[in-house]
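Below is one structure, written out as structure tokens; comments come after it.
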Amino acid sequence: MSYKLCEKVRKLEPYEPINGNYRIRLDANESFFNLPEEIKEEIKNIIDQMDFNRYPDPTAKKLTAAFSDYYGLNPDNITVTNGSDEMLYLLASAMLEKESRVVVVNPDFSMYGFYSFLSENAVYTYQKNDELNINVDDLVAFAEENIADMIIFSNPCNPTGRGITADDARKLIKKCENCLVVLDEAYMDFWSEPLLKEAHEYDNLIVLKTASKAVGAAGIRLGFAVANSSITKALRAIKSPYNVNSLSQEIGTCIYSHKEMLQKHRDEIFSNTRELYIQLKKIIENYQLPMKIYEPCANFVFLETDKADKIYEFMLENSVAVRYFKEAQALRITTGSQEQNKEFLVLFEKYIMKKILKTNR
């Protein structure tokens, strides 16, 4: 008898991002800022001094110090990982026993449930309300009903851009005291309700951060988990010893040391997102379109429409990539530069004029 893959992976398909070269990429929630030339020069000098024959620092001490200094944290409460994805897998596979009960929410980042599935945990999905918001009291009741061992969700949410307040997050953590609560604050740089600086005060909280969004360093794959000393010790023990390569550590340390640049970029990203939302909303209202747009707390706009697939294809035909969600019949449009956003808006209105209004006449 020939070898067969185990059933849980037999029908899985590899993740496939949008393929092809597009003039404007508004599909992956990346920063539209690349690194300035002077910082690239700093990195080149750092590379010249690196010992490539040596293993990376298993504690990522310099990077941890730079990250903690940027956010005003204690380095002793931070664990660095190879992107947040590594931490998500560790949480599901090592911080929980097999067949533990994990509560996720919908819509949200699909990888929370995926890693729990791979780790053979039972996944229970809390459905958000019609406004795509989480009712914390309902979520607490749902977690209690399903005897949750872990609750995990993004705040603000990817893909909706909605979020719960810090007070609601505190209520959830306190009411679910026997459950590990994981708040993924990947997009919190663009909002004002973080629990990052409080993470060490709770027995059951882990806050996740990433360098891929506001920091604009998606290419070097850096994730961070912030928690109390007991949880941090466990996280550092379960990760691979040399999980973050030397190059990413050095580049990350350099980037986080440039506070003024990062804050300037963050502010411009926030401003552009806000303007993109306002202009999209104006177009929708002007043409009285049956579309629903949500005010964002992140660096993207979420738009529900039964024309989502058609708009998505039209954008690709014009070399502009956005993210299409088939099940939700929605689009997620990451903010670009002012010029890129303007091009998107021109195409969006062009589609309405040619495809929607013309058809309805």
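To convert, note that position 42 of the sequence shown is 239 in the working numbering; the numbers rise steadily by one, no gaps.
We treat Cβ as the ideally placed atom computed from N, Cα and C, and that holds for glycine.
Between the C-alpha atoms of P211 and G280 there is a straight-line separation of about 18 angstroms. Residue environment for R359: buried (at least 16 other C-beta atoms within 10 angstroms of its C-beta).
By alpha-carbon distance to K406, the top candidate from T532, S516, T276 and I240 is T276. Between the beta-carbon of Y268 and that of R298 there is about 32 angstroms, and that puts the pair past the 8 angstroms contact cut. When the five nearest sequence neighbours on each side are left out, the beta carbons in the same chain lying within less than 8 angstroms of the beta carbon of N375 are those of N401, in order along the chain. Per the DSSP secondary-structure output, I275 pairs in a beta bridge with V423. Distance between A345 and Y323, taken at the CA atoms: about 12 angstroms. K479 is the residue among V302, E492, K479 and L285 whose C-alpha sits nearest the C-alpha of L542.
Nearest in C-alpha terms to E328, of all of K551, A408 and E492, is E492. Taken through DSSP and simplified to helix, strand or coil, T256 comes out as coil.
The alpha carbon of E447 has as its nearest neighbour, out of K208, Y384 and N242, the alpha carbon of N242. The straight-line gap separating the alpha-carbon atoms of T502 and N218 is approximately 26 angstroms.
The stretch 228-241 makes no contact with the stretch 385-402; the number of CB pairs closer than 8 angstroms stays below 3. Distance check between A408 and each of G449, V379 and T429 places G449 closest, using alpha-carbon atoms only. Within the model, the alpha-carbon separation for T357 versus N250 is close to 44 angstroms. Taking all protein chains shown into account, N274 has 16 or more neighbouring C-beta atoms within 10 Å of its C-beta and is therefore buried.
Cβ neighbours of N442 within its own chain (closer than 7 angstroms, five residues either side excluded): P253.
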